[in-house]
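Asker: Residue numbers for the sequence shown, in the numbering used here: -16 to 522. Beta carbons are placed, not taken as given, at the ideal position from N, Cα and C, and that holds for glycine.
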Amino acid sequence: MAPSTKYIFITGGVTSSLGKGIIAASLAKLLQARGFNVAIQKFDPYLNIDPGTLNPYEHGECYVTEDGAETDLDLGHYERFLNTPTSQLNNVTTGRIYNNVITKERKGEYLGKTVQVIPHITDEIKRNFFKLGEDGKYDVIITEIGGCVGDIESLPFIEAVRQAKWDIGSNNILVIHLTLIPYLAAAKELKTKPTQHSVKQLLEAGIQPDILVCRSEHHLPLDVKKKLALFCNVELNCVIEAMDADTIYDVPLLMKKEKLDERVLSKLKLSSKSNTDLEQWKDFLGRLKNPTQEVNIGLVGKYVSLPDAYKSIIESFIHGGASSECKVHLRLISSEELHPESINKKLQDLDGILVAPGFGERGLEGKIETVKFARENNIPFFGICLGMQVAVIEFARNVIGLEKANSTEMDPNTSHPVIDLMEEQKNIVQMGGTMRLGSYPCEMKKGSKAAQAYGKTKTMERHRHRYEFNNKYLEQFQEHGMIPSGINPDTGLVEIIELKNHPWFVGTQFHPEYKSTVLNPHPLFVKFIQATIENKKNK
Ligand code: GLN
C-alpha cells in the first residue's frame, strides 16, 4: 500500500439495494472533480469466483472489463461515472479469496500452520483491499463492501475493515455506512431505529462509522439527524441525507449539496487539488432533463423480467439519448411472447429495435421474427452479440434461403451452421471465465455505417461470447447484401455486420454498451438513436 493513498470503505445496513454502488460512484465523481485520482472497487460476499456463472435473472448483468474480467454490474456504474476503466482487481468475491487461500495451502505456503478465517482469510482480504493502491497511482480508493452488515457472509470483510484501520492509521481510512430511514405513513414519521440497530452491529464488530448516508423518501428534519448522531455516535454534520433522486446521475450533485465530499476531505485531512469542475456533468444533466424530441425503442430479450440484466444497455440509451436531447422510451419486450401472428401489433409503434445479448435457445424464434420485422419494414435495428448472431441466422434463412440455418449453440446438428463455436472454444470443459472475454481490435470498412458512427476505422471493443460468424458462408452473405463491415484484423472474426439496403441495420459481436459513459456516449448508440429519430420523422 502506498503511504499517501487514503481508503474509504462503504458498508450497507438495514436492507440491500440501497445503492451503495451509486453512492460510491457519486463520491468518487466529486473527489475526481476536485483533482484527485480515484478508484472504486467492490468486494462481494458470495462464493462464486466471479459473477460470470450467475444467472442474469438473479444477479442482473455481468459487466466485462477491458482485461476480460467478468464482474459485478456496479463496476459499470464506476466506469460510467468516472470515465476510467476498471479491471479484475476492482472486483473480488469471497470465492476468489478462499480460492487463493486454498491454493496457497495446497502449495504448502502456510508452513504447517492451521489455516483459519482469522488471520488467513482476513489477511488475504486485506491484501486485495490494498492491491490497487500498490503503485501509488491513486490518491483515494473507495471500497464497496457488498451485502448488509450482520450477514454471516460479510463478517470476514467487516473484520478485515476493522483490522485495516489499525494497519493504515485512522487518518488514512474512513468508513461510510449507507442506511435506510423508512417513513411510516400511518404514523407520519421517519424511523431511526433500524439504523440504530445496524450501527450497533457495526460497533459490535469493532467499527465506528465516520459518516452515515441516509437513504430516505423524505427530507430528514434536524431532530431526526440529531437523534441519529446521538445514538450512532457520529458528528451531526456527518449525518448525510440521500433523498430518492429522479435519475442516478443526479446523485453526485445531491451529495455535493449535502457536503459529503467536504466531510470526507476534512476527515481524511485532504485539501482539494483543483477547483470543482462538474460543468460537463451538469451539461449532460441539462440535456437529459430537457429533451426536445422522443422516440420509442424496443429492447427484445429473454431476461426482461429483471431490467438489471440489461443495465449497461439501458444506461447507454440514456447517454446516447441525452447527446441528441432525445428522450428514449425504452420498452423491454420478452422474445418468448413474440409470434409471427402477433408481432406486427406488438412492434408496430416502435421507432427502433434492439435485440439483446443472451444465451441458449429459449426465445430464439421470437428474436428471429423480430429481426425479420425490422429488416422488412426498414426499422432501425441494432443487434448486440446474440442479437447480431440472430440477425445472421434470420438473413440466412429468409434472404439467402438456407433453410433451418442456425447457430450450433441452438442446434448442434444444423445443416447450415452460419454461427459456429470458435475453434479455441472446442476443447473447453470448464465454464467459468473461459469465454472470449475482454478487449479486441476491430477494423471497419471505410464508408460503412459503423465507420461513419465512430468517425474512424479502428477501434477496440469488449467481448463475451463462445460462438462466431462462420466465415465459410461469408461470400454468400455478401452476394445477398449483408456486409461484414467490421473485422478482427488478427483472426478475421466478423465483428460487425450491416445491411446494404436498409436505413440502419447494424449487428455487433462485441458489446458496445460496456464502454458508454456519461462523458463519452457510445457512437453506435448515438447513431442508432439518431436513425430512430429520422425514422419517426419519415413515418
Ligand atoms: N450465446 C452467444 C455466444 O456465446 C452470445 C453471447 C452473448 O450474447 N453475450 O456466442
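1. So C197 and L203 are in contact, right, with Cβ under 8 Å, and what is the actual spacing, rounded?
2. Please look up how many angstroms separate the CB atoms of T(-6) and I128, rounded, as I've assumed it's under 8 Å.
3. Could you check the C-alpha separation between I80 and D106 for me, to the nearest Å?
4. Within the continuous alpha helix (DSSP H) that includes K109, where are the two ends?
5. Where do the N-terminal and C-terminal ends of the alpha helix (DSSP H) with A143 fall, by residue?
6. Three or more beta-carbon pairs under 8 Å between the region 52 to 65 and the region 12 to 21, yes or no?
7. Below 6 Å CB to CB, which residues in the same chain sit around N453 once its five sequence neighbours on both sides are set aside?
8. Give the C-beta separation of N39 and Y286 to the nearest angstrom, bearing in mind that I take them to be a contact with Cβ-Cβ under 8 Å.
9. Please tell me whether T(-12) and Y121 are closer than 8 Å, where the distance is taken between their beta carbons.
10. What does the alpha-carbon distance come out to for the pair S257 and S249?
11. Using the rule of at least 16 other Cβ atoms within 10 Å of the residue's Cβ for burial, across every protein chain shown, is Y423 buried or exposed?
12. If L502 and M238 are in contact, beta carbons under 8 Å, what's the gap, nearest whole angstrom?
13. Going by the CB atoms, is the gap between L185 and V222 shorter than 8 Å?
14. Express the C-alpha separation of S306 and S299 in angstroms, rounding to a whole number.
15. The beta strand (DSSP E) that contains I125, what's its start and end?
16. Can you grab the Cα-Cα spacing for the pair L157 / E262, in whole Å?
17. At 3 residues or longer, what runs of the beta strand (DSSP E) sit wholly inside the region 200 to 232?
18. Are there three or more Cβ pairs, one per stretch, closer than 8 Å when the region 353 to 372 is compared with the region 482 to 490?
19. Between the Cα of G269 and the Cα atoms of V283, H302, K428, which residue gives the shortest distance?
20. Is the Cβ of R198 closer than 8 Å to any Cβ of chain D?
21. Is the region 339 to 347 close to the region 405 to 423, with three or more CB pairs under 8 Å?
22. Note down, one range per segment and in chain order, each alpha helix (DSSP H) of at least 4 residues found wholly within the region 471 to 521.
23. What's the gap between the Cα of W264 and the Cα of P28?
24. Relative to the ligand GLN, is the shortest distance from any of its heavy atoms to the C-beta of P533 smaller than 7 Å?
25. Taking just the CA atoms, how far does G415 sit from I85?
26. Could you tell me the alpha carbon to alpha carbon distance between K526 and G349, rounded to whole angstroms?
27. From the DSSP output, in three-state form, read off F342 for me.
28. Assign S431 to one of three DSSP states: helix, strand, or coil.
29. Should L195 and L211 be called a contact, given that it needs their Cβ atoms to be closer than 8 Å?
Answerer: On the basis of the data shown:
1. 6 Å
2. 5 Å
3. 10 Å
4. 105 to 114
5. 138 to 151
6. yes
7. P400, V401, D403
8. The sequence as given places Pro at residue 39; Asn does not occur at that position. Going by Cβ atoms, the distance from P39 to Y286 rounds to 5 Å, so yes, they are a contact pair.
9. yes
10. 16 Å
11. buried
12. In fact, because the Cβ distance is near 18 Å, the residues do not count as touching under 8 Å.
13. no
14. 11 Å
15. 123 to 128
16. 28 Å
17. 222 to 226
18. yes
19. H302
20. In the structure shown, chain D cannot be found, because there is only a single protein chain.
21. no
22. 506 to 521
23. 33 Å
24. Here the chain covers residues -16 to 522 and nothing more, so residue 533 does not appear.
25. 18 Å
26. Past the boundaries of the shown model lies residue 526; the chain is included only from -16 to 522, so the question cannot be answered.
27. coil
28. coil
29. yes
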